[in-house]
Amino acid sequence: MRAILDHTAAAVMVCDAEGRMLLVNPEARRLLNRLGLDYEMVHGRRITDLMRELLPDQDLRREDFGNMVELDLGAAGEYMVNLAEITRP
1 MRAILDHTAA
11 AVMVCDAEGR
21 MLLVNPEARR
31 LLNRLGLDYE
41 MVHGRRITDL
51 MRELLPDQDL
61 RREDFGNMVE
71 LDLGAAGEYM
81 VNLAEITRP
């Protein structure tokens, strides 16, 4: 799994069942850096809390999970994000 994450061009952030960030791949680290963050700052934080802080004008709801969401991250660019819950162990 790590080899796949390390070599994909997509930014991938993996969270636990409570939504706390557990690991990110290199592209996600680059995205965090463009936002002025580093992995150590966000590790263990809930991704929804982080997104609400970064995007206070974006109305992300639980219903958005499983759908593509367009996010404007200002100087970091615009992204299409797929928010997907993993519901199995």
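Position 45 of the sequence shown, counting from 1, maps to 45 under this note's numbering, and the rest follow consecutively. From the three backbone atoms N, C-alpha and C, an ideal C-beta is built for every residue, glycine too.
(message) Please report the straight-line C-alpha distance between VAL69 and GLU40, rounded to a whole angstrom.
(response) For the purposes of this step, residue 69 is taken as residue 69 along the sequence shown, with counting starting at 1. For the purposes of this step, residue 40 is taken as residue 40 along the sequence shown, with counting starting at 1. Using only the alpha carbons, I get a separation of about 25 Å.
(request) Would you mind giving the Cβ-Cβ distance between ALA128 and ARG45, rounded to the nearest angstrom? I have them listed as a contact below 8 Å. (result) It is not possible to answer for residue 128, since the shown part of the chain is limited to 1 through 89.
(message) Rounded to whole angstroms, what is the Cα-Cα separation between ASP72 and MET80?
(response) Numbered from its first residue, the sequence shown carries residue 72 at position 72. Numbered from its first residue, the sequence shown carries residue 80 at position 80. Each residue's alpha carbon lies about 9 Å from the other.
(request) Let me know the secondary structure DSSP gives GLU78 once reduced to three states. (result) If you number the sequence shown from 1, residue 78 lands on position 78. DSSP places GLU78 in strand when its eight states are reduced to three.
(request) Counting only the same chain and skipping the five closest in sequence on each side, list residues whose C-beta sits under 6 Å from that of ALA11. (result) Numbered from 1 along the sequence shown, position 11 holds the residue referred to as residue 11. Excluding sequence neighbours, ALA11 sits near GLU27, ALA28, LEU31.
(request) Pick out whichever of ARG2, ALA17, LEU55 has its Cα sitting closest to the Cα of ASN25. (result) As a working mapping, residue 25 is identified with position 25 in the sequence shown. The shortest Cα separation from ASN25 among ARG2, ALA17, LEU55 belongs to ARG2.
(request) Classify LEU22 as helix, strand or coil using the three-state DSSP reduction. (result) Residue numbering aside, residue 22 sits at position 22 when the sequence shown is read from its first letter. The answer is strand: DSSP assigns LEU22 an E or B state.
(request) Whole angstroms is fine: what's the gap from LEU50's alpha carbon to GLU18's? (result) Locating residue 50 in the sequence shown gives position 50, counting from the first residue. Locating residue 18 in the sequence shown gives position 18, counting from the first residue. The straight-line gap from Cα to Cα measures roughly 13 Å.
(request) Give the straight-line distance between the Cα atoms of ASP6 and GLN58, rounded to the nearest whole angstrom. (result) Position 6 of the sequence shown, counted from the start, is the residue given in the question as residue 6. Position 58 of the sequence shown, counted from the start, is the residue given in the question as residue 58. ASP6 and GLN58: Cα-Cα distance of roughly 29 Å.
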